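Written out below as structure tokens is the structure these notes cover.
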Amino acid sequence: MRPCVLKFGGTSLATPERIRAVVAILREAAAERPVVAVASALAGVTDGLLVIAERARRCDKAARRDLASLAERHRAALVALAPGDRAASRAVERELGELAAALEGVTLLRELPAGVRDRLASAGERLSVALLAAALRAAGLSASAFDAADLVATDATFGEAEVDLERTRRSVDGRLVPRLGREIPVVPGFYGAAADGRVRLLGRGASDLTATILGACLQAERVEIWTDVDGVLSADPRLVPEAFTLARLTPALAGELAHFGAKVLHPRAVWPAALAGVPIVVANTGHPGRGRSEIVSAADDRAVRAIATRAGVALLRIAAGARSLGELATSALSVLVAARLPVLLVQQAGSGAELLVAVDGTAGEPGRAVLAGMGLSSEVEERLALVAIVGRELAAPARQLLSSAGVSPRLWSEHGTRGAVAAVAAEALAATARRLHAELVVPGAPDRKAA
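Numbering-wise (our numbering), the sequence shown opens with residue 291 and increments by one.
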């Protein structure tokens, strides 16, 4: 019987009560087939660890105070979930001890090397799997915590490593497969290890990627992503309260929505499962029986419509000068990628004299600097946001709606029959998303064409 991989995000594991809800979901799943659990750090822990690490580098005494608070949170959770579990207690204390020692080293050296940063940032996942495995055992289920460094093989890149699928498959076959059906393996998301044995992060929010990589290696029945919303939604519900669940969509559409800001899935997570023919199901931990989405190659996207939004964007306007736009694009993108600056969208300016490159908001000035180092002149516009309108034949009506609302996109890119992407002022994001969703996306909208 093919196994299932169930991944639980930080909000699903935020408190002992929520961890118990996760245990109930895993119990029900394990009654039908072998399961593997993938866990993120408890909500807020990874961000907290990065703040602590930076404070330790600056010799800020608050680092010790914050570490003590983080340690107490995990110890209290373990007492609430499984007070007599000595194996879990030893695992938690060992990780906290290693974390404290690493932070002392950072303080002494006043440096935070990339390798140490990756190791520190991944501590939250190691702590959370100890808690979840203990909670499962306390509920009468057989479970063991694994170390993703023993399973997920990566290249040598720190911060956002690429997974070596063949090496990972061999590790999974040797270490994980023999345990399936006998217990519930609980695996940390977010990181793996390179050939040197040192931890490498897969990128922020990449526990989804761990789950789909494992699903592909195991030829799983499905990968389930358990989060705090009812599947993949037609818009960000924080901006558009009327957003609804998209019941079924293809990996290509799910990946597009994720790239342009839909936070329910990591953008890189879709393809390992898709290429292995493994469906992905996205569901709500707090409401398991409510709306959910299925991401499967056989889905029909022709009638799917959605809005994806991404705040915190900067726009680089790169002057072509004497270069052709093709030459400029090749030079500019190679420089930005080499500097590991996240490029979101590239578009030729209407005049043909500029190349427009949308990047993460933190990469605007660094991007301008690295371009200048290569003799490329650019200007930066910050405080922007991206709005992606996804759906057949939506580009023209979306452009008309923006014009009638007085919204002038800094960048506009059309994708044939699939929709368009606009860069707008950050303060216009919420109103723009709500209007586009109300007029073009909601079922029964007056200008909605038959698919």
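Note that beta-carbon positions come from the ideal geometry of N, C-alpha and C, so glycine has one too.
Values in this document were obtained by computation on a predicted structure and should not be read as measured data.
Reference residue i; option with closest CA among the options
i, options, result
"Gln637", "Arg658, Trp702 and Ile597", "Trp702"
"Arg600", "Leu618, Gly611 and Ala552", "Ala552"
"Ala533", "Ala544, Thr540 and Asp520", "Asp520"
"Gly482", "Ala510, His727, Phe448 and Ile515", "Phe448"
"Ala443", "Ser434, Ala428 and Asp463", "Asp463"
"Arg345", "Arg380, Glu394 and Val568", "Glu394"
"Ala563", "Ile515, Leu523, Ser667 and Ser621", "Ile515"
"Leu339", "Ala353, Ala314 and Ala610", "Ala353"
"Asp437", "Val680, Val476 and Ala542", "Val476"
"Leu508", "Ala485, Arg365, Arg465 and Thr517", "Arg465"
"Leu499", "Ala333, Gly545, Thr535 and Gln690", "Gly545"
"Leu726", "Pro687, Thr336 and Thr535", "Pro687"
"His705", "Glu717, Ala728, Ile679 and Ala713", "Ile679"
"Ala720", "Lys351, Ala320 and Leu674", "Leu674"
"Glu322", "Ile474, Asp440, Asp445 and Pro541", "Ile474"
"Gly663", "Ser624, Glu672, Glu683 and Arg689", "Ser624"
"Arg751", "Ala718, Ala648, Ala327 and Leu357", "This structure does not reach residue 751, given that the chain is present from 291 up to 741, and the question cannot be answered."
"Leu646", "Glu671, Leu455 and Ala628", "Glu671"
"Leu332", "Glu318, Leu684, Pro541 and Ser412", "Ser412"
"Ala343", "Arg380, Thr397, Arg582 and Ser379", "Thr397"
Distance, residue j Cα to residue i Cα
i, j, result
"Glu644", "Asp526", "32 Å"
"Val325", "Pro478", "14 Å"
"Leu626", "Ala604", "13 Å"
"Ala740", "Val697", "In this prediction, Ala740 has a pLDDT of 38, which is less than 50 and means its spatial position is unreliable; what the coordinates show is noted afterwards. For Ala740 and Val697, the distance between alpha carbons rounds to 27 Å."
"Gly299", "Val513", "13 Å"
"Val743", "Ile597", "The first residue shown for the chain is 291 and the last is 741, placing residue 743 beyond what the model contains."
"Ala370", "Ala424", "11 Å"
"Val660", "Leu417", "38 Å"
"Leu635", "Ala404", "27 Å"
"Ile309", "Glu655", "41 Å"
"Thr301", "Leu316", "16 Å"
"Arg400", "Ala392", "12 Å"
"Ala622", "Leu666", "8 Å"
"Val341", "His549", "26 Å"
"Ser587", "Ser497", "22 Å"
"Ala314", "Arg595", "34 Å"
"Thr722", "Pro699", "11 Å"
"Leu421", "Ala715", "43 Å"
"Pro355", "Pro373", "According to the sequence shown, residue 355 is Arg rather than Pro. C-alpha separation (whole angstroms): 25 Å."
"Gly681", "Ile585", "16 Å"
"Met291", "Arg469", "14 Å"
"Leu402", "Arg457", "29 Å"
"Arg738", "Pro531", "Bear in mind that a pLDDT of 43 at Arg738, under 50, signals an unreliable position, so the model cannot answer this."
"Leu389", "Leu529", "38 Å"
"Arg365", "Val711", "46 Å"
"Ala718", "Leu386", "44 Å"
"Ala501", "Lys297", "6 Å"
"Ala593", "Ala573", "21 Å"
"Pro293", "Ala433", "15 Å"
"Glu318", "Gly414", "26 Å"
"Leu743", "Glu511", "In this structure the chain extends from 291 to 741, so residue 743 is not present and cannot be described."
Counterpart residues of residue i in DSSP-defined beta bridges
i, result
"Ala604", "Val649"
"Lys297", "Val328 and Ile515"
"Ala435", "Val476"
"Gly482", "Arg490"
"Ile679", "Ile597 and Ala710"
"Gln637", "Leu646"
"Val453", "Thr444"
"Val670", "Leu606"
"Leu470", "Glu473"
"Ala715", "Leu674"
"Glu729", "According to DSSP, Glu729 bridges with nothing at all."
"Arg459", "BP columns for Arg459 are empty, so no partner."
"Leu790", "No statement about residue 790 is possible, as the shown extent of the chain runs from 291 to 741 and does not include it."
Nearest-angstrom beta carbon gap, residue j and residue i [assumed within contact, 8 Å]
i, j, result
"Arg494", "Asp408", "Contact flag wrong, Cβ pair sits at about 12 Å."
"Ala639", "Leu565", "Rounded, the Cβ-Cβ distance is 36 Å, inconsistent with contact."
"Leu303", "Val295", "Actually they are not in contact, since the Cβ atoms of Leu303 and Val295 sit about 16 Å apart, beyond 8 Å."
"Asp486", "Ala428", "That belief does not hold up - the Cβ atoms of Asp486 and Ala428 are roughly 37 Å apart, past 8 Å."
"Leu555", "Asp591", "16 Å between Cβ atoms; not a contact."
"Gly602", "Gly651", "4 Å"
Residue-chain proximity (residue i, chain B), Cβ-Cβ < 8 Å
i, result
"Gly338", "Among the chains of the structure shown, chain B does not appear; only one protein chain is present."
Please go through the stretch 302 to 371 and give each complete beta strand (DSSP E) segment of 3 or more residues, from N-terminal end onward.
-> 325 to 329
Alpha helix (DSSP H) runs wholly inside the stretch 553 to 633, at least 4 long, in chain order = 560 to 565 and 615 to 628
Alpha helix (DSSP H) runs wholly inside the stretch 400 to 435, at least 4 long, in chain order | 404 to 411 and 413 to 428
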